[in-house]
Amino acid sequence: MGGAVSAGEDNDDLIDNLKEAYYIRTDLVERAFRAIDRADYYLDEYRDNAYKDLAWRHGNIHLSAPCIYSEVMEALELHPGLSFLNLGSGTGYLSTMVGLILGPFGVNHGIELHADVIEYAYQKLDSFIKTSDSFDKFEFCEPSFVVGNCLEIPPESRHYDRVYCGAGVQKEHEEYMKNLLKVGGILVMPLEEKLTKIVRTGLSSWETKKIISVSFAPLVLPKHSPKSKPKMAPLPKYEVRTLQELARICIRHTLRVTTDGGDGQARGRGSSFSVGRGLAAAGLHKYGPRFKRRRVHRRHCNTLMLEAEERDEEEEEEKETGELLRPQPAVNVLRERILGLPLPEPLKMYLLYYREK
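Its first residue numbered 96, the sequence shown is counted upward by one per residue in our numbering.
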């Protein structure tokens with residue numbers, strides 16, 4: 096399933112296409128999608144296909160098409176502090192985007208059938224935390240994954256505010272899925288070839304809405320011999336944060352809001368916001384002139400002519416100066432402030448999550 100929008104040249108271009116096609120409709124979802132490069136969840140030899148609106152599978156590793164993830168994220172109506180359960184959590188791509196919205200006091204759980212995929216998901220999660228330029232712009236709800244079949248969750252398990260299932264749900268399992276929700280919660284799942292949104296309005300009342308037609312592989316049914324006892328798949332435990340973790344969250348939050356006005360966009364000198372605004376005024380993309388957004392130019396002939404004129408001017412200026420003008424890279428204001436604190440180096444590294452950048 097996929098192919099609803101044109102292929103992008105990079106992650107931002109893909110998100111632009113999803114916005115223009117109205118798959119991404121809210122700023123919150125857009126920020127989460129831009130923060131995580133889809134290509135980072137591909138194996139290196141397949142990265143060239145990451146910005147196509149197509150599903151991808153290699154062995155047990157699987158990613159749905161970007162247009163599907165967009166519809167799922169919008170339908171879940173996420174906000175900070177919610178509890179989320181991802182049934183068939185896969186690479187962790189969706190769970191990580193959800194975690195950017197849930198914030199540090201949400202709950203972000205996933206259950207996945209294949210142990211090798213869980214290992215892959217944790218590798219990608221660790222890489223995002225340690226190396227991503229986006230990590231410090233968000234207060235993050237780190238996902239926890241367990242191996243198991245999502246149809247074997249113990250009946251006494253906790254209920255969740257939001258639930259997503261990434262495999263086709265057979266009609267006979269619809270009630271099972273619905274009962275994973277709290278009252279007021281939202282379940283999104285492929286049901287009878289339709290991506291379906293179900294809201295639990297009461298203990299035994301529901302509202303159902305079909306979103307789009309989809310094609311998903313069906314849920315893998317548990318295998319039991321007639322004499323064996325059904326196997327249970329316990330979900331991740333809900334663990335109260337330590338005082339040390341709470342202090343880290345509080346300090347990072349305090350330093351962040353003094354630089355971003357509370358909306359997640361840094362306002363300090365040299366910040367990504369101020370640099371980005373300056374680049375926009377100059378007609379430049381953050382990665383330099385050759386990375387200009389060509390998607391918009393393709394759609395407007397008059398802008399195409401303007402781009403050609405700008406390129407000619409840049410080439411002339413390059414000939415005169417002998418070098419290509421490049422903007423200064425964005426400064427990670429939060430990191431700079433933490434490094435400037437009068438604290439022991441190990442404590443600074445803890446506040447920075449031992450990040451490599």
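Cβ coordinates follow ideal geometry from the N, Cα and C atoms, glycine included. Every value quoted in this text rests on a predicted model; they were computed, and no experiment measured them.
Completely contained beta strand (DSSP E) runs for the stretch 295-355, where each covers 3 or more residues: 300-308
Which ranges would you report for the beta strand (DSSP E) in the stretch 200-255 if only whole runs of at least 3 residues count? 202-207, 239-242
DSSP on H268, reduced to helix/strand/coil? helix
Using CA coordinates, which residue listed in L275, F240, Q265 is at the minimum distance from Y255? L275
Measure the C-alpha to C-alpha separation of H153 and K219 and round it to an integer number of angstroms. 16 angstroms
Go ahead and label H204 buried or exposed: buried means 16 or more other beta carbons lie within 10 angstroms of its beta carbon, across all protein chains shown. buried
Taking DSSP as the reference, what is the three-state secondary structure of L197? helix
Once DSSP output is grouped into helix, strand and coil, what is the label at K289? strand
For the pair the stretch 256-271 and the stretch 168-188, tell me if three or more CB-CB distances fall below 8 angstroms. yes
Please classify N144: does DSSP put it in a helix, a strand, or coil? helix
If you draw a straight line from the C-alpha of Y118 to the C-alpha of E237, how long is it? 25 angstroms
Can you have a look at R364 and say buried or exposed, based on whether 16 or more other CB atoms are within 10 angstroms of its CB? Below a pLDDT of 50, predicted positions are generally treated as unreliable, and R364, at 37, falls in that range; the measurement from the model is reported next regardless. The residue is exposed, with fewer than 16 neighbouring Cβ atoms inside 10 Å.
When you compare each of K114, R129, A210, M284 to L171 by their alpha carbons, which one comes out closest? M284
Can you check which of these residues, H209, S227, E340, is closest to M192 by C-alpha distance? S227
Extent of the continuous alpha helix (DSSP H) to which S101 belongs: Counting along the chain, S101 falls outside any alpha helix (DSSP H), and DSSP gives it neither H nor E.
Buried or exposed, going by whether 16 or more other CB atoms sit within 10 Å of the CB of A312? exposed
Using the C-alpha atoms, what's the distance from P437 back to H157? 45 angstroms
In three-state DSSP terms, what is N427? coil
If you run the structure through DSSP and keep just helix, strand and coil, what is R126? helix
Please go through the same chain and pick out, in chain order, the residues whose beta-carbon is closer than 6 angstroms to the beta-carbon of R221, but skip the five residues on each side of it. Checking the sequence, you will find Asp at residue 221 rather than Arg. Excluding positions up to five away in sequence, the list is empty.
Put Y117 into one of helix, strand or coil per three-state DSSP. coil
Assuming S165 is part of the alpha helix (DSSP H), what are its boundary residues? 161-171
Identify which residue in T291, G280, K304, E288 has its Cα closest to the Cα of G297. G280
Where does L109 fall in DSSP's three states? helix
Identify which residue in Y136, Y164, K225 has its Cα closest to the Cα of V212. Y136
Would you be able to state if there are at least three C-beta pairs under 8 angstroms between the stretch 320-340 and the stretch 231-248? yes
Using a Cβ-Cβ cutoff of less than 7 angstroms, which residues in the same chain neighbour Y451 once the five nearest sequence positions on both sides are dropped? Inspection of the sequence shows that residue 451 is occupied by Glu rather than by Tyr. Closer than 7 angstroms at the Cβ level, and outside the excluded window around E451, lie K225, T226.
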